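Peer 1: In this note's numbering, the protein residues as written are 16 to 462.
Glycine included, every Cβ here is placed at the ideal spot set by N, Cα and C.
In this text the structure is predicted, and so the values were computed from the model without any measurement.
One structure follows; several queries about it will come next.
Take a look at the structure:
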C-alpha cells in the first residue's frame, strides 16, 4: 500500500495578547487535487507501471479528513459507539493508467473516539473471495476489537481459515471463537472460507479445519499437513434409515446415499460398513453425492428413493428420525475414531509456529473450554446450526454427541491417531508411511 497523510498545525497560542472576542469558525478545507502530479509522472515514467494509493489529509484541529483513492481499498471508519463501516469513497483509477484521470475526494468528520483504519490490499484480496465481503468482514473485526489498545490493534495478525464440511462438526469451535471475540483477543483477524469445493492446491495456502481431509491428502499425494489442534476424535456422521432397517447389516442390497470414497466422510463410512461385514462396492447400492446439504437425502428417504443415508451435522439426526419414524442405525463416531477436526497447516506455505496460526489455535482452545464449561451458551450456539430443532433437542444432541467427546485442551490422542492412519491407508489402498506424531503435533503447540 502507498499512502500519504498530512496534518494541519494545532491552533495558535494567544500567550501575551488577548484572544479574539468570538471564536473563529473553522476554515473551509482547501480543495485539493490529490494524485494529479504523481499520476502524470508515473505515466510519463513507464506506460507499464501502475500503483494503487490512498490519500488522507487529516485536519486534526477541526477533526475532519479529506480522502481519495486511486484503485485502493477504502478505509474503514470506526465510530465512537464502536460501529464500523467501509467508507464509500468515490472510485478512482490506479495511478499510471490515464494521465487525465480525475480523483474526486470526500470529506468526513472525525469526532473524538473515532478510528480511521488504513490497510494494505493484501489484507482483503483473496482468490475466490468477494472483495466487498472481505472488507465488510474486516469492518466487523474492527468493531469487535473496540476495547483493544491501539498498539495491539495496529499489529493484528491475519490468516485465512477454511472449513471443508458444513455443520457443527467443522464449524462449532470456529463459530464460538468468532462470536466470543477470541480471535480479536488473541490478536488475529481470521477470514473464514467455505473450502468444500476447493482443490488441494488452493486449500493448502490456508489453515484448514478439516483434519480428515488433511490426512487423506497426506497419505495419497504427500502434502505435508500437520495438525496443531484437535476438537474431537469422533466424526459427526450418522446412518439414517427408513423403517424396517434396524442395524448396519440390514443395508445389504439396499440403496445408501453416501459421500464419495475419496472424501474423508466417504472413507470413514466405508470403514464402518466393512466393520459391519459389508463390502461397500458389492453388498449395497451406493448413491454418491457431495457432502454438505442433506435435504435431498431427507427427501429421498421420505419418498422411498433411497433406503438409508450417511448424513452430517447440519441436523440432529436423532430428532429427525423421531419426527419421521425413521431409524438411526449407527453413529460413525461409535465405530471409528480419528482426530477429525481442528486446525492444520501445510508448512510448505504456512509455518506451524506462525504467530497468526498460534493465535487461531489459542482462540479455538478457548472455544473448546466454552463447549465444556458453559452448556447453556454452547446449546444456544448449536441451535444456529440445527435449523428446526427445539432447545430441548439441541441440548440432547449436545449431551449425547458433543460434550462427552470434544476435547477440552485441543490435544490429539496419538494411539487413536495411529489406528486411524492404518485404517484409512488400508481403505485407500496406500502405504501407511507416516506416524501419528508426524502429523498430529498438538502437544508441541503453545497453550
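Short of 7 Å in beta carbon distance, which residues of its chain neighbour residue 126, apart from the five on each side in sequence? Order them along the chain.
Peer 2: 78, 95
Peer 1: For residue 261 and residue 349, what's the separation of their Cα atoms in angstroms?
Peer 2: 16 Å
Peer 1: Which residues share a DSSP beta bridge with residue 213?
Peer 2: In DSSP, residue 213 forms no bridge with anything.
Peer 1: Taking only runs of the beta strand (DSSP E) that begin and end inside the segment 170-194, which ones reach a length of at least 3 residues, in chain order?
Peer 2: 172-178
Peer 1: For the structure I just gave you, are there three or more beta carbon pairs, one from the segment 179-195 and one from the segment 333-340, closer than 8 Å?
Peer 2: no
Peer 1: Spell out the partners DSSP gives residue 124 in its beta bridges.
Peer 2: 79
Peer 1: Can you tell me where the beta strand (DSSP E) with residue 140 in it begins and where it stops?
Peer 2: Residue 140 -> no beta strand (DSSP E), and no H or E assigned at all.
Peer 1: Is it the case that the CB of residue 95 approaches a heavy atom of the ligand GDP more closely than 8 Å?
Peer 2: As for the ligand GDP, it is missing from this structure, which has no ligand bound.
Peer 1: Given this structure, state the Cα-to-Cα distance separating residue 298 from residue 410, to the nearest angstrom.
Peer 2: 37 Å
Peer 1: What is the DSSP secondary structure of residue 365, counted as helix, strand or coil?
Peer 2: coil
Peer 1: Rounded to a whole number of angstroms, what is the C-alpha to C-alpha distance between residue 393 and residue 311?
Peer 2: 28 Å
Peer 1: Quick check for students: name the residue ranges of the alpha helix (DSSP H) that lie wholly in the segment 323-391, counting only runs of 4 or more.
Peer 2: 332-339, 347-350, 370-388
Peer 1: Please classify residue 442: is it buried, with 16 or more other beta-carbons within 10 angstroms of its beta-carbon, or exposed?
Peer 2: buried
Peer 1: Using C-beta distances below 6 Å, list every residue in its chain close to residue 438, excluding the 5 sequence neighbours before and after it, in chain order.
Peer 2: 286
Peer 1: Which residue comes first and which comes last in the beta strand (DSSP E) that contains residue 91?
Peer 2: 91-93
Peer 1: For residue 232, collect the residues of the same chain with a Cβ closer than 7 Å to its Cβ; drop the 5 residues on either side in sequence, then sort them by chain order.
Peer 2: 215, 238, 240
Peer 1: Could you have a look at residue 157 and say whether DSSP puts it in helix, strand or coil?
Peer 2: helix
Peer 1: Nearest to residue 51 by CA position, among 92, 205, 108, is which residue?
Peer 2: With distances taken between Cα atoms, residue 51 lies closest to 108.
Peer 1: Return the chain-ordered ranges of every alpha helix (DSSP H) run that is complete within the segment 227-314 and spans a minimum of 4 residues.
Peer 2: 279-290
Peer 1: Once the 5 residues before and after residue 351 are set aside, which same chain residues still bring their CB inside 8 Å of it?
Peer 2: Excluding positions up to five away in sequence, the list reads 250, 283, 286, 287, 290, 435, 438.
Peer 1: What did DSSP end up calling residue 57 once you bin it into helix, strand or coil?
Peer 2: helix
Peer 1: Which residues in the same chain as residue 124 place their Cβ atom closer than 6 Å to its Cβ, once the five residues preceding and following it in sequence are excluded?
Peer 2: 79
Peer 1: Can you tell me the Cα-Cα spacing of residue 16 and residue 64, whole angstroms?
Peer 2: Model confidence at residue 16 stands at a pLDDT of 39, short of 50, so the residue's coordinates are unreliable; what they give is reported in the following sentence. So the alpha carbons of these two residues sit roughly 15 Å apart.
Peer 1: Going by beta carbon distance, what residues of the same chain come within less than 7 Å of residue 101, once the five residues before and after it are set aside?
Peer 2: 89, 91, 150, 151, 154
Peer 1: Am I right that residue 343 and residue 253 are in contact with their C-beta atoms under 8 Å? What's the rounded C-beta distance?
Peer 2: 6 Å
Peer 1: Please work out which residues of its chain come closer than 8 Å, Cβ to Cβ, to residue 450, disregarding the five sequence neighbours upstream and downstream, and give them in chain order.
Peer 2: 433, 436
Peer 1: Is there contact between the segment 363-377 and the segment 398-416, where contact requires at least three CB pairs shorter than 8 Å?
Peer 2: Taking 8 Å as the limit for Cβ pairs, the verdict is that the segment 398-416 does not touch the segment 363-377.
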